[in-house]
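Trainee: Before I ask anything, let me first share the structure, which is written out below as structure tokens.
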Amino acid sequence: VALGPEVNVLNEGLAAIKEGYESIMFVFNALEQEPGRALIRAGVEGGVGLITRVPHASNVLTNNFTQSFPPSDHRSLRRKDWLIKAKAIVDEYVKPISDQLGITLSQLALKFVLSYPVSTVIVTVTSVKELEEYVEAANGSYLSPRVLGDLERLYDELISIRLSQ
Numbered sequence: 056v057a058l059g060p061e062v063n064v065l066n067e068g069l070a071a072i073k074e075g076y077e078s079i080m081f082v083f084n085a086l087e088q089e090p091g092r093a094l095i096r097a098g099v100e101g102g103v104g105l106i107t108r109v110p111h112a113s114n115v116l117t118n119n120f121t122q123s124f125p126p127s128d129h130r131s132l133r134r135k136d137w138l139i140k141a142k143a144i145v146d147e148y149v150k151p152i153s154d155q156l157g158i159t160l161s162q163l164a165l166k167f168v169l170s171y172p173v174s175t176v177i178v179t180v181t182s183v184k185e186l187e188e189y190v191e192a193a194n195g196s197y198l199s200p201r202v203l204g205d206l207e208r209l210y211d212e213l214i215s216i217r218l219s220q
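Counting the sequence shown from 1 gives a position; my numbering is that position plus 55.
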């Protein structure tokens, strides 16, 4: 079952797991870790396939983010202030982590998701170059427990608070 952006994603996901669905699909990325982390825990326990999407948080977790896009673009569904705040957080706190690891921001975003026991991650690819970059990120070498913990703490202590205001 594909869980959308409605308010009860956690409850819907938990109900789908309890009902015996084979897999659930939900948004999960470094800027939107909940309810994803809770769904991952429950899904692993329930033996459900975990399909994650939007790993780049509407392009905020890439080097290609722009605030101008057509009304038909999926990013127009987001609050503009969320995008602006998220980009500022990424520039100040997340980008330095990717720089320190010697990987692109896009690769960090994918490695973050793939460091969890998920079945797959759905990405949007617009060029062969992007595809190659994403494939390189999915090389089986993901984030260390320390880096993953740093990103989880960053979310818990800062990101979730700032982006919900």
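Note that CB positions come from ideal geometry on N, CA and C, so glycine has one too.
Between which two residues does the alpha helix (DSSP H) harbouring residue 105 extend?
Mentor: It is not in any alpha helix (DSSP H) - residue 105 instead sits in the beta strand (DSSP E) that spans 104 to 108.
Trainee: Helix or strand or just coil, what does DSSP make of residue 83?
Mentor: It is coil, neither helix nor strand.
Trainee: Sorted by chain position, which residues of the same chain lie with C-beta nearer than 8 Å to residue 144's C-beta, five sequence neighbours on each side aside?
Mentor: 86, 213, 214, 217 and 218
Trainee: If distances are taken between C-alpha atoms only, which option among 98, 72, 109 and 76 comes closest to residue 167?
Mentor: 109
Trainee: Indicate the three-state DSSP secondary structure (helix, strand or coil) for residue 57 in the structure shown.
Mentor: strand
Trainee: Start and end of the beta strand (DSSP E) containing residue 177?
Mentor: 175 to 177
Trainee: Can you tell me the Cα-Cα spacing of residue 92 and residue 147, whole angstroms?
Mentor: 24 Å
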